[in-house]
Amino acid sequence: MNVHDFSEKAMNGKDISLSDYKGKVLLIVNTASKCGLTPQLEGLEEMYKKLGGDHFEILGFPCNQFLRQDPASDEEILEFCQMNYGVTFQMFSKIKVKGKDATPLYKYLTEQTGGKKVEWNFAKFLIDENG
Numbered sequence: 001m002n003v004h005d006f007s008e009k010a011m012n013g014k015d016i017s018l019s020d021y022k023g024k025v026l027l028i029v030n031t032a033s034k035c036g037l038t039p040q041l042e043g044l045e046e047m048y049k050k051l052g053g054d055h056f057e058i059l060g061f062p063c064n065q066f067l068r069q070d071p072a073s074d075e076e077i078l079e080f081c082q083m084n085y086g087v088t089f090q091m092f093s094k095i096k097v098k099g100k101d102a103t104p105l106y107k108y109l110t111e112q113t114g115g116k117k118v119e120w121n122f123a124k125f126l127i128d129e130n131g
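Quick note on UniProt numbering: the sequence shown kicks off at 1 and runs consecutively.
Shown next as structure tokens:
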């Protein structure tokens, strides 16, 4: 099993298989639009513009689990990220990244780090091209 075995819902409602990203290095990030770390979106977008394309992708996953710092709808979150930080990398629907209700993807990611849980917004997982 690897990251490519999972699917997640994009903000437009379509399911995206992470197998679509085979052969690319992935940076998976849980985001929040009302967090002190939110300006990281600007740096992530700069990285995406510089490195993104055939070999690198950033996948953003909004999460409201940390002090409810992303309470808006998917549409509002996407608009905020695009208008304020110019985000063009793939954003997915809001998910849970910790606890019993965490998405299977995030359960897998934390298992791969020895069970270390996601402790805050903007935790990053760097995944090689093989998943």
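No residue lacks a Cβ here, since even glycine has one placed at the ideal position from N, Cα and C.
These figures come from a predicted structure and were not determined experimentally.
Just checking my contact of residue i with residue j at CB under 8 Å: how many whole Å lie between their CB atoms?
i: Asp41; j: Val87; result: Here residue 41 is Leu; the residue named in the question, Asp, does not match the sequence. That belief holds up - the Cβ atoms of Leu41 and Val87 are roughly 6 Å apart, short of 8 Å.
i: Ile58; j: Phe125; result: Ile58 to Phe125, Cβ: 11 Å. No contact.
How is residue i classed by DSSP in three states: helix, strand or coil?
i: Gly60; result: strand
i: Lys107; result: helix
i: Gln82; result: helix
i: Glu45; result: helix
i: Glu119; result: coil
i: Lys124; result: strand
i: Glu76; result: helix
i: Asp101; result: coil
For residue i, does the count of other Cβ atoms within 10 angstroms reach 16, so buried, or fall short, so exposed?
i: Thr38; result: buried
i: Met83; result: exposed
i: Pro71; result: exposed
i: Asn130; result: exposed
Measure from the alpha carbon of residue i to the alpha carbon of each residue in the options, then state which is nearest.
i: Met1; options: Lys100, Glu111, Ala10; result: Glu111
i: Phe80; options: Ser33, Glu45, Gly52; result: Ser33
i: Gln65; options: Glu45, Lys98, Leu51, Leu26; result: Lys98
i: Gly23; options: Asp54, Tyr85, Gly115, Thr113; result: Asp54
i: Phe56; options: Tyr21, Gly43, Asp15; result: Tyr21
Among residues of its own chain, excluding the 5 on either side of residue i, which ones have a beta-carbon nearer than 6 Å to its beta-carbon?
i: Met91; result: Met11, Gly60, Leu78
i: Thr103; result: Ile95
Which same chain residues end up closer than 8 Å to residue i when comparing Cβ atoms and leaving out the 5 residues on each side of it in sequence?
i: Ala123; result: Val29, Asn30, Val97
i: Phe89; result: Leu44, Glu45, Tyr48, Gly52, Glu57, Ile58, Leu59, Gly60
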